[in-house]
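Q: Line by line, the protein sequences are chains A and B. The working numbering puts the first sequence at residues 6 to 454. The working numbering puts the second sequence at residues 6 to 454. We treat Cβ as the ideally placed atom computed from N, Cα and C, and that holds for glycine.
There are 2 protein chains.
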Amino acid sequence: MKDRIRVGLIGFGTVGTGVVRILSKEKDLITRRLGVPLTIAQIADRDITRKRDIAVPPDILTTDPQRLIQNPDIDIILELMGGIEPARDFILNAIYNKKHVVTANKALLAAHGEEIFDAACKENVDVGFEASVGGGIPIIRAIKEGFSGENISAVFGIVNGTSNYILTQMSEKGREFLDVLKEAQTLGYAEADPTLDVSGGDSAHKLAILATLAYGTPVPIEEIYTEGIDHVTPLDITFAETLGYKIKLLAIAKHFDGKIEARVHPTMIPKEEMLAQVNGVFNAIYIIGESVGESLFYGRGAGSMPTGSAVVSDLIDIARNIQNGTNTRVPHLAYLPKTRTRLPICPITAIDSSYYLRFRVGDRPGVLSEISGVLGRHNISIASVIQEGRKGSSSGDGVLLVMMTHQAKEADIQAALSRINQSPFVFEPAVLIRVEEKNNNGLTRNIRT
Amino acid sequence: MKDRIRVGLIGFGTVGTGVVRILSKEKDLITRRLGVPLTIAQIADRDITRKRDIAVPPDILTTDPQRLIQNPDIDIILELMGGIEPARDFILNAIYNKKHVVTANKALLAAHGEEIFDAACKENVDVGFEASVGGGIPIIRAIKEGFSGENISAVFGIVNGTSNYILTQMSEKGREFLDVLKEAQTLGYAEADPTLDVSGGDSAHKLAILATLAYGTPVPIEEIYTEGIDHVTPLDITFAETLGYKIKLLAIAKHFDGKIEARVHPTMIPKEEMLAQVNGVFNAIYIIGESVGESLFYGRGAGSMPTGSAVVSDLIDIARNIQNGTNTRVPHLAYLPKTRTRLPICPITAIDSSYYLRFRVGDRPGVLSEISGVLGRHNISIASVIQEGRKGSSSGDGVLLVMMTHQAKEADIQAALSRINQSPFVFEPAVLIRVEEKNNNGLTRNIRT
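Next comes the structure, spelled out in structure tokens:
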């Protein structure tokens, strides 16, 4: 038994300062729970002169991460620098030096998780990554331990706070995407380069992690269909509301009949659904289990202190393993490595969904009949139609035609739209938004139900 | 390392059959996660002839729980019989026989938890109780491990599915309490004796467990102020809706300034709040942490399979401890026994809240002035008033007067109402419902803010 557990922190930025603050503020509480203190022994950052809003002894600061990785007194390396390289290199080095690792780096885990966890397994060290998905929401622990006997049929939700903030503002204020994005950047809710957030890429990284844990299979990031929120318009948000829906950027993974479905895209969900009430920078994730039914986890998806809190819970968990000599007590990726399988990931064309379709068409007889005819010939059945009359605009703009379909095959929808978009009556490519409807077992349906 | 983990089940009822079904259905999945099979070795129940909807080998059934407790092959005793005695006796016996224990028995833990956990600590065995609160929601694990570095300021929510079902039906259909209760009994959502559910007693048991874990202090059940839903009327539900609120039975624990507040009562919450959307037999629990902010956990609060799922997650967790020789790796009650404190629990008169008050008064001049005068003299400030005109009813019934107060002291409210109820203008005792308002840090406010 050690008299204290020593952490080496690489990356003294937003989350890093949160962790340092929590370990200091909650020192007594953590000792009452863990039995020994948990301390930051050394901190590495490229910039060790910048003033942070938390004071640390200057002699624990260094610009050289290798000094932490090689330090025999350090038990756990905490990687909070982000990015792929050199974070990957530092983590692998730490593992080969028999250090346990905690990281919040979803991009790295989504791209190189298999390599990192293979190494950790070989060296019998722990790798905690609760902070990589859902900020302060203990969702990783829930899948790995809370639902350890659950056959999970779906895991889905809102996992990117920036996109959700932007969609919430667009919905509440009727504003355009670019307008809200600019404001979000000024307020610090969006990065200077917001691509990863608004393109859905960050959500896809998180979905890869969640689905890997839920299903015991690798989920390569490049096999996740990913669509961002940059093409969502106030017009479609308004139509969605008229039809009783909200538009949210959802990350969705389902398991059915030995196949996995994994996709990220703007999604219409019934407005009385709990997910539809998740606003601003909050995240919320549903787990649908065969025994447990639907469960939802909601909380702050980002920020210095919430994400710091998730990091601290991982540090305490690993510290308990160190004190008991029982590392890798729970398999890193929920399933024992030798029992993991390689399930096929469906392409987006293989999924079934309901759809919202919006057309801008010439205001003349026969157009509705032509469009619905094409859809019908592709086995797509229409649930409802809104045709908007001309509102004094010149007929050159055309009129808007909105259709909600019953459940259909994505491949059929794509084929039908490609045909419709070629028609001379159609003034611009059709807008498509997938719809998740509620059934008895929660919000999503399975593949091919 | 054992080649399998053997469970002895005492109590083969609703949850017991759920556990047996999950262990059989998810046998492969559990083995892929745990490494060895988890099996039911023996089952004790008073009635071993009744036909259940799951088949078990007849030779593992017994009417004598001692045969399980004394069986050297059994690793974990699973107590699902409920009630205080002989469940307490069986559990203590199992612990003294060095068996680990899993239980869903909230009434027992609320009343005799300290004794049971003392014994478990002495014998170095695990006691899992995830299924005791919130059915399939992994809330116990969240407090003990997910938020292990969190200074929790409040834990509150809907923890009794029967009451929530009844309130949901009353709200949606405008029906009376007794009418809905009778139907719930017919449908199997309420027990033949529903007292514990509708009186708030069951919620208080669960709150005692949650607050004990969150604050590292004993929370004696008799110090929890408890009020049920049996006096909630469709009239007050309608007024609440007019004012923008829903009425839910909440269990609320807060920590402020070294004191604990713990209470169960019907509560008005803003209808746009997520808790207000929790309907039917679902449960939802908020954790407010100083670092993490607000988090919400939502799911099925009862039922054979959801509760069975929580039991199975405990069995797997303890099995992992057995395989690694690391029992009591996490303190039973979240804090190490020697660091637990004894924080004072405030009486209900010491809390601050906002209030909904409804009076039935004589329809004559001066009544509003008299009532608001008494409130004013007790430092209670009124936020809004609804005075309902006579609707053709005879003036003998009086008219209804509804007031929403600003935050006030409960002691002042009680004193004022006791005074007002004596007035000859007042036709029946005033109705009081506490209100939880939203502030920056989530739904509840602290004591004496």
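Could you tell me how far apart the beta carbons of Ser318/A and Phe152/B are, in whole angstroms, since I believe they sit closer than 8 angstroms?
A: Residue mapping note: residue 318/A aligns to position 313 of the first sequence, counting from 1. Residue mapping note: residue 152/B aligns to position 147 of the second sequence, counting from 1. Sure, about 7 angstroms apart at Cβ, within 8 angstroms.
Q: Beta-carbon separation of Gly13/A and Leu73/A under 8 angstroms?
A: Working through the first sequence from its first residue, we reach residue 13/A at position 8. Working through the first sequence from its first residue, we reach residue 73/A at position 68. Contact: yes.
Q: For Thr454/B, is the classification buried or exposed, using 16 other Cβ atoms within 10 angstroms of its Cβ as the cut-off for buried?
A: As a first step, residue 454/B must be located in the second sequence, where it is residue number 449. The predicted position of Thr454/B is uncertain, since its pLDDT is 37 and thus under 50; no value can be drawn from it.
Q: Is the region 234 to 252 of chain B touching the region 367 to 387 of chain B, taking contact as three or more C-beta pairs under 8 angstroms?
A: no
Q: Closer than 9 angstroms between beta carbons: that is the criterion. Which residues of the region 151 to 170 of chain A meet it against chain B?
A: Gly151, Phe152, Ser153, Gly154, Glu155, Asn156
Q: Among all the DSSP beta bridges, which residues are the ones paired with Leu362/A?
A: Position 357 of the first sequence, counting from 1, holds the residue named residue 362/A. Paired residues: Met408/A, Leu437/A.
Q: Which ranges does the alpha helix (DSSP H) cover as unbroken runs of at least 4 residues, wholly within the region 89 to 118 of chain A, from first to last along the chain?
A: 92 to 101
Q: Given that Glu146/A touches chain B, what residues does it touch there, using C-beta distances under 9 angstroms?
A: In the first sequence, residue 146/A corresponds to position 141, counting from 1. Note on residue identity: the sequence assigns Arg, not Glu, to residue 146/A. Residues of chain B passing the Cβ test: Pro143, Arg146, Ala147, Glu150, Gly151.
Q: Is the CB of Val297/B under 8 angstroms away from at least one CB in chain A?
A: The count along the second sequence starts at 1 and reaches residue 297/B at position 292. Chain A, which has a Cβ nearer than 8 angstroms to the Cβ of Val297/B, makes this yes.
Q: If I follow the unbroken alpha helix (DSSP H) through Ser423/B, where does it start and stop?
A: Looking up residue 423/B in the second sequence gives position 418. 415 to 426 is the span of the alpha helix (DSSP H), which, as asked, contains Ser423/B.
Q: Please go through the same chain and pick out, in chain order, the residues whose beta-carbon is closer than 8 angstroms to the beta-carbon of Gln419/A, but skip the five residues on each side of it.
A: For the purposes of this step, residue 419/A is taken as residue 414 along the first sequence, with counting starting at 1. Within the same chain, Gln419/A has close Cβ partners Thr354.
Q: Quick one: is Leu34/B buried, meaning 16 or more other Cβ sit within 10 Å of its Cβ, or exposed?
A: One-based indexing of the second sequence puts residue 34/B at position 29. Leu34/B should be labelled buried.
Q: What does the alpha-carbon distance come out to for the pair Val185/A and Gln174/B?
A: The residue you call residue 185/A lines up with position 180 of the first sequence. The residue you call residue 174/B lines up with position 169 of the second sequence. Distance between the alpha carbons of Val185/A and Gln174/B: 41 angstroms.
Q: Do the region 162 to 174 of chain A and the region 351 to 365 of chain A meet, that is, are 3 or more Cβ pairs less than 8 angstroms apart?
A: No, the region 162 to 174 of chain A does not touch the region 351 to 365 of chain A.
Q: Please work out which residues of its chain come closer than 6 angstroms, Cβ to Cβ, to Gln412/B, disregarding the five sequence neighbours upstream and downstream, and give them in chain order.
A: Mapped onto the second sequence, residue 412/B falls at position 407. Closer than 6 angstroms at Cβ, skipping near neighbours: Asp357, Ser359.
Q: With distance defined between alpha-carbon atoms, name the residue in Tyr303/A, Asp69/A, Gly162/A, Lys104/A nearest to Leu212/A.
A: For this step, residue 212/A is matched to residue 207 along the first sequence. When only C-alpha atoms are compared, the closest one is Gly162/A.
Q: Please determine, among Ile48/B, Gly140/B, Ile81/B, the residue with the shortest C-alpha to C-alpha distance to Asp64/B.
A: Numbered from its first residue, the second sequence carries residue 64/B at position 59. Cα-wise, what sits closest to Asp64/B is Ile48/B.
Q: Does the separation of the CB atoms of Arg439/A and Val407/A fall below 8 angstroms?
A: Start at 1 with the first residue of the first sequence, and residue 439/A comes out as number 434. Start at 1 with the first residue of the first sequence, and residue 407/A comes out as number 402. Result no, Cβ atoms of Arg439/A and Val407/A do not sit closer than 8 angstroms.
Q: How many angstroms separate the CA atom of Leu437/B from the CA atom of Asp207/B?
A: Your numbering for residue 437/B matches position 432 in the second sequence. Your numbering for residue 207/B matches position 202 in the second sequence. Per the coordinates, the alpha-carbon of Leu437/B lies some 22 angstroms from the alpha-carbon of Asp207/B.
Q: Along the beta strand (DSSP E) that carries Ser458/A, what are the first and last residues, could you check?
A: Because chain A in this structure spans residues 6 to 454, residue 458/A falls outside the shown range and cannot be described.
Q: Grab the span of the beta strand (DSSP E) containing Thr44/B for me, first residue to last.
A: For the purposes of this step, residue 44/B is taken as the residue at position 39 of the second sequence. Note, Thr44/B: beta strand (DSSP E), 43 to 49.
Q: Straight-line CA distance for Gly141/B to Ala258/B?
A: As a working note, residue 141/B is residue 136 in the second sequence. As a working note, residue 258/B is residue 253 in the second sequence. Each residue's Cα considered, the two are about 21 angstroms apart.
Q: For Ile5/A versus Phe95/A, is the C-beta distance shorter than 8 angstroms?
A: The structure shown has nothing for residue 5/A, since chain A only spans 6 to 454.
Q: Measure the C-alpha to C-alpha separation of Glu299/B and Tyr291/B and round it to an integer number of angstroms.
A: Stepping through the second sequence from its first residue, residue 299/B is reached at position 294. Stepping through the second sequence from its first residue, residue 291/B is reached at position 286. Roughly 7 angstroms separates the two Cα atoms.
Q: Using C-beta distances below 8 angstroms, list every residue in its chain close to Ile452/B, excluding the 5 sequence neighbours before and after it, in chain order.
A: Stepping through the second sequence from its first residue, residue 452/B is reached at position 447. With a pLDDT of 40 at Ile452/B, under the threshold of 50, the modelled position of this residue cannot be trusted; read the value that follows with caution. For Ile452/B, where only same-chain residues beyond five positions count, the Cβ hits under 8 angstroms are Lys259, Phe261, Asp262, Lys264, Glu266, Cys351, Ala355, Ile356, Asp357.
Q: Go through its chain and collect everything with a Cβ distance to Gly304/A's Cβ below 6 angstroms, but skip five positions before and after it.
A: The sequence position of residue 304/A within the first sequence is 299, counting from 1. The answer, listed in chain order, is Gly141, Ile142.
Q: Taking the alpha-carbon positions, what's the Val283/A to Ala245/A distance?
A: Within the first sequence, residue 283/A is the residue found at index 278, counting from 1. Within the first sequence, residue 245/A is the residue found at index 240, counting from 1. Their Cα atoms are separated by approximately 16 angstroms.
Q: Consult DSSP for Lys443/B and reduce its assignment to one of helix, strand or coil.
A: Indexing the second sequence from 1 puts residue 443/B at position 438. The answer is coil: DSSP assigns Lys443/B none of H, G, I, E or B.
Q: The region 275 to 299 of chain B: which residues have C-beta closer than 7 angstroms to a C-beta of chain A, in chain order?
A: Met279, Gln282, Gly294, Ser296, Val297, Gly298, Glu299
Q: Which residues does DSSP pair with Arg268/A in a beta bridge?
A: Walking along the first sequence from the start, residue 268/A turns up at place 263. Listed as beta-bridge partners of Arg268/A by DSSP are Tyr230/A, Ile257/A.
Q: Roughly how far, in whole angstroms, is the beta-carbon of Ile242/A from the beta-carbon of Ser176/A, given that I think they are within contact range, below 8 angstroms?
A: For the purposes of this step, residue 242/A is taken as residue 237 along the first sequence, with counting starting at 1. For the purposes of this step, residue 176/A is taken as residue 171 along the first sequence, with counting starting at 1. Indeed, because the Cβ distance is near 5 angstroms, the residues count as touching under 8 angstroms.
Q: Please list the partners that Phe95/A has in chain B, where partner means a Cβ-to-Cβ separation under 8 angstroms.
A: Translated into positions along the first sequence, residue 95/A becomes position 90. The contacting residues do not exist; Phe95/A stays about 24 angstroms from chain B at best.
Q: Please list the partners that Pro336/B has in chain A, where partner means a Cβ-to-Cβ separation under 8 angstroms.
A: Walking along the second sequence from the start, residue 336/B turns up at place 331. Chain A residues near Pro336/B: Arg38.
Q: Helix, strand or coil for Ile10/B per DSSP?
A: The residue labelled residue 10/B in the question sits at position 5 within the second sequence. Residue state, collapsed to three classes: strand.
Q: For the alpha helix (DSSP H) that Arg244/B lies in, which residues bound it at each end?
A: Residue mapping note: residue 244/B aligns to position 239 of the second sequence, counting from 1. A small fix is needed here, since residue 244/B is Phe in this sequence, not Arg. Phe244/B -> alpha helix (DSSP H) spans 239 to 247.
Q: Mapping the DSSP letters down to three states, classify Asp33/B as helix, strand or coil.
A: Residue numbering aside, residue 33/B sits at position 28 when the second sequence is read from its first letter. Reduced to three states, the DSSP call for Asp33/B is helix.
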